[in-house]
Amino acid sequence: MISIAVDGPSGSGKSSLAKSISKMLGILYLDTGALYRAIGYTCLNQLGEDITEAQVYALLPALTVDLGYQDSVQHVYVNGEDVSSFIRTQPVAMAASKVSAFPQVRAFLLDLQRSIAAKNDVIMDGRDVGTVILPNADVKIFLTAKPEVRASRRVGELAEKGIQADFDTVLKEVLQRDHNDSTRAVAPLKQADDAVLLDNSLRDAEQTVNDALEIIRSKVSL
Ligand code: DC
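Taking the working numbering, the leading residue of the sequence shown gets 2, the next gets one more, and so forth.
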């Protein structure tokens, strides 16, 4: 099985890149952030915003998180319920960032991610795919862009959905999530030693796909 790991901060374009590559190469796309978002969403509903580690751990034994694919689109299920359409909000992103720092939450999701990679050729995006989940991945890309560029992309995405967002507020959230994700004790966001750094601050989506394909083709034949 061939595995491609794409890690990097939020807003760097990992999921757009991984989706395009998965289509072009005919391999599975696994969005690992959706798993943390599913747990964040559940905790937000059941516990509210002030989540403690102990409360989350008390909840875990009663939770099952699963992935499925419909027309090649990933869906995530919590206790059998498809929560995919509820997990893309800012409060859920913040809750996901919070619960993802808890070691037992990470351990809870580890086997699911590895078992999918063991059975499929896969491109997986997240924060610790190349460092923890698949340390022997065939290809590792660390995708990043300057915080201001990522914030301005986010403002653009929201505008497309008819939501007007303030750049400074969005930038603050981007920096806050970067800080949370890269300073946590367990599996922090960091570039794997053997990952190729791709900074797409000055590249559009198509150029980023081409850059990534070049990296992938230099390592594996697909
Ligand atoms: O990529 P995303 O924005 O959907 O991820 C949501 C949160 O989950 C993010 O703040 C960091 C966390 N996450 C993680 O800790 N490890 C991963 N492999 C993927 C996401």
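Note that the Cβ used here is the ideal one computed from N, Cα and C, for glycine as well. The structure presented is a predicted model; accordingly, all values stated were derived computationally and were not measured.
Taking the straight line between their C-alpha atoms, what separation do you get for residue i and residue j?
i           : j           : result
residue 7   : residue 87  : 24 Å
residue 141 : residue 5   : 6 Å
residue 178 : residue 152 : 12 Å
residue 201 : residue 214 : 14 Å
residue 198 : residue 191 : 11 Å
residue 35  : residue 85  : 8 Å
residue 50  : residue 42  : 10 Å
residue 146 : residue 183 : 15 Å
residue 171 : residue 102 : 22 Å
residue 64  : residue 78  : 10 Å
residue 104 : residue 126 : 19 Å
residue 93  : residue 122 : 29 Å
residue 173 : residue 158 : 17 Å
residue 97  : residue 221 : 33 Å
residue 12  : residue 113 : 24 Å
residue 91  : residue 165 : 14 Å
residue 180 : residue 187 : 14 Å
residue 81  : residue 71  : 15 Å
According to DSSP, which residues form a beta bridge with residue i?
i           : result
residue 127 : 8
residue 145 : 200
residue 180 : Note: residue 180 sits in no beta bridge, so no partner.
residue 140 : 5
residue 54  : Its beta-bridge partners do not exist; DSSP assigns none.
residue 83  : 78
residue 29  : 123
Between which two residues does the alpha helix (DSSP H) containing residue i stretch?
i           : result
residue 40  : 34-48
residue 157 : 148-161
residue 75  : Taken as a continuous stretch (DSSP letters only), residue 75 belongs to no alpha helix (DSSP H), being part of the beta strand (DSSP E) at 74-79.
residue 185 : It is not in any alpha helix (DSSP H) - residue 185 carries neither H nor E in the DSSP assignment.
So, helix, strand or coil for residue i, using DSSP?
i           : result
residue 91  : helix
residue 68  : strand
residue 221 : coil
residue 208 : helix
residue 18  : helix
residue 122 : coil
residue 193 : coil
residue 117 : helix
residue 102 : coil
residue 167 : coil
residue 13  : coil
residue 60  : helix
residue 110 : helix
residue 135 : coil
Only counting the same chain, and skipping five residues up and downstream in sequence, which positions put a Cβ closer than 7 Å to that of residue i?
i           : result
residue 83  : 76
residue 1   : In the structure displayed, the chain extends from 2 to 223; residue 1 sits before or after that span and is not available.
residue 176 : 148
residue 69  : 76, 78
residue 47  : 60
residue 168 : 152, 153, 156
Tell me which same chain residues have a C-beta within less than 8 Å of the C-beta of residue i, skipping the five on either side of it?
i           : result
residue 136 : 193
residue 14  : 144, 146, 154, 201, 206, 209
residue 66  : 36, 39, 40, 77, 78, 79, 109, 110, 113
residue 119 : 2
residue 25  : 210, 214
With a threshold of 6 Å on Cβ separation, who are the neighbours of residue i within its own chain once the five nearest residues in sequence on each side are excluded?
i           : result
residue 206 : 17
residue 143 : 8, 9, 192, 196, 198
residue 20  : 30
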